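Report on one structure; see the data block that follows.
2 protein chains.
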Amino acid sequence: MSSTARPCSIAGALQIVGERWALLAVREIMFGNRRFDEIARNTGASRDILTARLRSLETAGILERRRYHDRPARYEYHLTEAGRDLAPVLHALRDWGDHWLPDPPPVTAHHTCGHPLDPLTVCRHCGAEATPETLRLTVNAPGWTLKGPE
Amino acid sequence: MSSTARPCSIAGALQIVGERWALLAVREIMFGNRRFDEIARNTGASRDILTARLRSLETAGILERRRYHDRPARYEYHLTEAGRDLAPVLHALRDWGDHWLPDPPPVTAHHTCGHPLDPLTVCRHCGAEATPETLRLTVNAPGWTLKGPE
Numbered sequence: 001m002s003s004t005a006r007p008c009s010i011a012g013a014l015q016i017v018g019e020r021w022a023l024l025a026v027r028e029i030m031f032g033n034r035r036f037d038e039i040a041r042n043t044g045a046s047r048d049i050l051t052a053r054l055r056s057l058e059t060a061g062i063l064e065r066r067r068y069h070d071r072p073a074r075y076e077y078h079l080t081e082a083g084r085d086l087a088p089v090l091h092a093l094r095d096w097g098d099h100w101l102p103d104p105p106p107v108t109a110h111h112t113c114g115h116p117l118d119p120l121t122v123c124r125h126c127g128a129e130a131t132p133e134t135l136r137l138t139v140n141a142p143g144w145t146l147k148g149p150e
Numbered sequence: 151m152s153s154t155a156r157p158c159s160i161a162g163a164l165q166i167v168g169e170r171w172a173l174l175a176v177r178e179i180m181f182g183n184r185r186f187d188e189i190a191r192n193t194g195a196s197r198d199i200l201t202a203r204l205r206s207l208e209t210a211g212i213l214e215r216r217r218y219h220d221r222p223a224r225y226e227y228h229l230t231e232a233g234r235d236l237a238p239v240l241h242a243l244r245d246w247g248d249h250w251l252p253d254p255p256p257v258t259a260h261h262t263c264g265h266p267l268d269p270l271t272v273c274r275h276c277g278a279e280a281t282p283e284t285l286r287l288t289v290n291a292p293g294w295t296l297k298g299p300e
């Protein structure tokens, strides 16, 4: 990213997971598919790309490899706390896809209350819905405003 | 994506926005920066990549171009409803980055209640928190389970 770009946590997060095969690998591991061949088959990623993505996710502290077999050495991939914290990103993408893609949702989620999950983002403090209209954004990066550099 | 891959709304969404320059362009337009030069400067995207991303986002129905000047023709980019619906994806990425990246948050959000936003995802029906532990996922895609193909 250009050094003149807006300082932004979205951009920082996307430098780590901003590539679809990386997030699809995280999805499969969240689903309990921890082995390379399972992740490759279920994501459809090429083995070369998947190998590179898994390595960079491990370097970034999203995944850790655990040996489950010696001679030959075989590894499973486990999410770190940072990796498990990506769940809301995947949920938001799933909600968008369920709503805007032409196909019916391939996976549906029911809440323990028994109803299909219709997620609502609220303020943990007051419990009211957090919409763009109810948020006041403050730009801490010197020289920047929401509209761009000052 | 391989035709044998898991049918998934996350994968479908990422086929449209699963590339960081696409989501960063959407971020800038949400921030009110609608013109190519502003978007290029604030994202740090190369002009060639940004041109391609904006075109594919327009084709996918995320953006629409509106002419604001004739001779020479100049355009602004506006989000469609589908584009505005990407806000939760960007919020989830920002929250993750704010928590896990080494730098302090470049942008902070306060809720109208006056407190810094600590977002909580709840079930719209019962109001209780929606965590992975409180969700029952049902796979509708024939032949697939969460663990992979049956």
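Which chain is which? The protein sequence lines are A and B, in order. Using our numbering, you'd call the opening residue of the first sequence number 1 and step up by one each time. Using our numbering, you'd call the opening residue of the second sequence number 151 and step up by one each time. Built from N, CA and C at the ideal position, the CB exists for glycine as well. Everything numeric in this text was worked out from a predicted model, so none of it was measured.
Check: For a contact meaning CB atoms closer than 7 Å, what does residue 59 of chain A contact in chain B?
Finding: By Cβ distance, chain B contributes nothing, its closest Cβ being about 14 Å from residue 59 of chain A, past 7 Å.
Check: Thinking just about the alpha-carbon of each residue, which of A/94, A/69 and A/110 is nearest to the one in residue 103 of chain A?
Finding: Ranking A/94, A/69 and A/110 by Cα distance to residue 103 of chain A puts A/94 first.
Note to self: I'd like to know whether the C-beta of residue 235 of chain B is nearer than 8 Å to at least one C-beta of chain A.
What the structure shows: At a cut-off of 8 Å, the C-beta of residue 235 of chain B has a neighbouring C-beta in chain A.
Check: How long is the line joining the alpha carbons of residue 215 of chain B and residue 91 of chain A, rounded to whole angstroms?
Finding: Straight through space, the alpha carbons of residue 91 of chain A and residue 215 of chain B are spaced by roughly 29 Å.
Item checked: Cross-strand partners of residue 141 of chain A (DSSP beta bridge) -> Beta-bridge analysis with DSSP links residue 141 of chain A to no other residue.
Notebook entry, point to check: If we cut at 8 Å on Cβ distances, does residue 67 of chain A have a partner in chain B?
Noted result: Proximity of residue 67 of chain A to chain B, defined by a Cβ-Cβ separation below 8 Å, is not satisfied.
Next item on the list: Could you round the C-beta distance between residue 29 of chain A and residue 79 of chain A to whole angstroms and report it? I think they count as a contact, below 8 Å.
Entry: Between the beta-carbon of residue 29 of chain A and that of residue 79 of chain A there is about 6 Å, and that keeps the pair under the 8 Å contact cut.
Checklist line | CA-to-CA distance, residue 123 of chain A to residue 157 of chain B, given in whole angstroms | finding: Their Cα atoms are separated by approximately 33 Å.
Next item on the list: Count the other C-beta atoms from every protein chain shown that fall within 10 angstroms of the C-beta of residue 33 of chain A, then say buried if there are 16 or more, exposed otherwise.
Entry: With 16 or more Cβ atoms within 10 Å of its Cβ, residue 33 of chain A is classed as buried.
Next item on the list: Consider the Cβ of residue 78 of chain A: report whether some Cβ of chain B lies at a distance smaller than 8 Å.
Entry: No, residue 78 of chain A lies away from the interface with chain B (no Cβ there is under 8 Å from its Cβ).
Check: Helix or strand or just coil, what does DSSP make of residue 108 of chain A?
Finding: Correct three-state label for residue 108 of chain A: strand.
Notebook entry, point to check: For residue 16 of chain A versus residue 60 of chain A, is the C-beta spacing smaller than 8 Å?
Noted result: For residue 16 of chain A and residue 60 of chain A, yes; Cβs fall inside 8 Å.
Notebook entry, point to check: Shorter than 8 Å from the beta carbon of residue 159 of chain B to some beta carbon of chain A?
Noted result: Contact with chain A is found for residue 159 of chain B, since one of that chain's Cβ atoms lies less than 8 Å from the residue's Cβ.
Notebook entry, point to check: What does residue 74 of chain A pair with, by DSSP beta-bridge criteria?
Noted result: A/69, per the DSSP bridge assignment.
Notebook entry, point to check: Mind checking residue 19 of chain A: buried by the 16 CB within 10 Å criterion, or exposed?
Noted result: Its Cβ being crowded by 16 or more others within 10 Å, residue 19 of chain A is buried.
Next item on the list: Compute the Euclidean distance between the alpha carbons of residue 226 of chain B and residue 232 of chain B, then round it to the nearest angstrom.
Entry: Each residue's Cα considered, the two are about 17 Å apart.
Notebook entry, point to check: Helix or strand or just coil, what does DSSP make of residue 147 of chain B?
Noted result: Nothing about residue 147 of chain B can be reported from this structure: the residues present for chain B run from 151 to 300 only.
Next item on the list: Starting from the beta carbon of residue 12 of chain A, find every residue of chain B whose beta carbon is closer than 8 Å, and list them in chain order.
Entry: Taking a Cβ-Cβ cut-off of 8 Å, the neighbours of residue 12 of chain A in chain B comprise 247, 251 and 253, given in sequence order.
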